[in-house]
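Worksheet: one structure, shown below.
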Amino acid sequence: MVSKVKWLIFSSFLILGVIAILSLFLLRRHLHPIMIIYGIFIATILNDQFFTIFGFNLQLFKPAPGWIPYIVKTLYFVALCPTQTLWLMFILFWQSVPSALKWLALLVFTAFHGLVDYSLVFAGYVQLINWNPGFSFIRNLVDASIVYLILAATRKLLRRRGATA
Numbered sequence: 011m012v013s014k015v016k017w018l019i020f021s022s023f024l025i026l027g028v029i030a031i032l033s034l035f036l037l038r039r040h041l042h043p044i045m046i047i048y049g050i051f052i053a054t055i056l057n058d059q060f061f062t063i064f065g066f067n068l069q070l071f072k073p074a075p076g077w078i079p080y081i082v083k084t085l086y087f088v089a090l091c092p093t094q095t096l097w098l099m100f101i102l103f104w105q106s107v108p109s110a111l112k113w114l115a116l117l118v119f120t121a122f123h124g125l126v127d128y129s130l131v132f133a134g135y136v137q138l139i140n141w142n143p144g145f146s147f148i149r150n151l152v153d154a155s156i157v158y159l160i161l162a163a164t165r166k167l168l169r170r171r172g173a174t175a
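Numbering (this note's numbering), first residue to last: 11 to 175.
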């Protein structure tokens, strides 16, 4: 029997996944489609490699078996994380936003992803073996930095070619 907390987290991930995918239509007004596609691909690749290296190879955490944990982790890695990373990139690329708010957005982004990581642990979808909150914070900062650097280079290339990005 699945507890109420697990069903609450499962349903909230489903709702957030749908909202995240629908928010890409709003993001399209502000970012070039190539940047959106690159951002989704890069964030998804980084999350997939992170999960493979740290989960399976180094065995720092262990995923729970079953279809519900699989769906929740897949929604997080394929829909929520890339979309939120793209929204962070939109804030970081927006020139009228003061730098203090950009740093605050980066801090909120990493804190939110850390909380999502530990909501998966709280629900029993992931078991931590040798993992701590500092690792999640560092991982999210590194992911955001890599996506930012690649999208900044892509944006520069698009502007050089005459596209508005």
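Just so it is clear, CB atoms sit at the ideal spot from N, CA and C, and this is done for glycine as well.
Please work out which residues of its chain come closer than 8 Å, Cβ to Cβ, to residue i, disregarding the five sequence neighbours upstream and downstream, and give them in chain order.
{"i": "Ala74", "result": "Gly134, Tyr135, Val136, Gln137"}
{"i": "Leu102", "result": "Lys112, Ala115, Leu116, Tyr158"}
{"i": "Ala53", "result": "Cys91, Pro92, Thr95, Leu96, Asp153, Val157"}
{"i": "Ser33", "result": "Thr93, Trp97"}
Mind checking residue i: buried by the 16 CB within 10 Å criterion, or exposed?
{"i": "Arg171", "result": "exposed"}
{"i": "Gln94", "result": "buried"}
{"i": "Pro79", "result": "buried"}
{"i": "Val28", "result": "exposed"}
My output table needs one value for residue i: the three-state DSSP class, helix, strand or coil.
{"i": "Arg73", "result": "A small correction: the amino acid at residue 73 is Pro; Arg does not occupy that position in the sequence shown. Correct three-state label for Pro73: strand."}
{"i": "Gln137", "result": "strand"}
{"i": "Trp113", "result": "helix"}
{"i": "Gly172", "result": "coil"}
How long is the line joining the alpha carbons of residue i and residue j, rounded to whole angstroms?
{"i": "Phe3", "j": "Ile55", "result": "The first residue shown for the chain is 11 and the last is 175, placing residue 3 beyond what the model contains."}
{"i": "Lys112", "j": "Phe51", "result": "23 Å"}
{"i": "Met11", "j": "Leu18", "result": "Its pLDDT being 49, under 50, Met11 is placed unreliably by the model, and the measurement read from it follows with that caveat. Roughly 14 Å separates the two Cα atoms."}
{"i": "Pro143", "j": "Phe100", "result": "26 Å"}
{"i": "Phe119", "j": "Leu98", "result": "7 Å"}
{"i": "Ile44", "j": "Ala162", "result": "12 Å"}
Three or more beta-carbon pairs under 8 Å between the region 113 to 130 and the region 84 to 99, yes or no? yes
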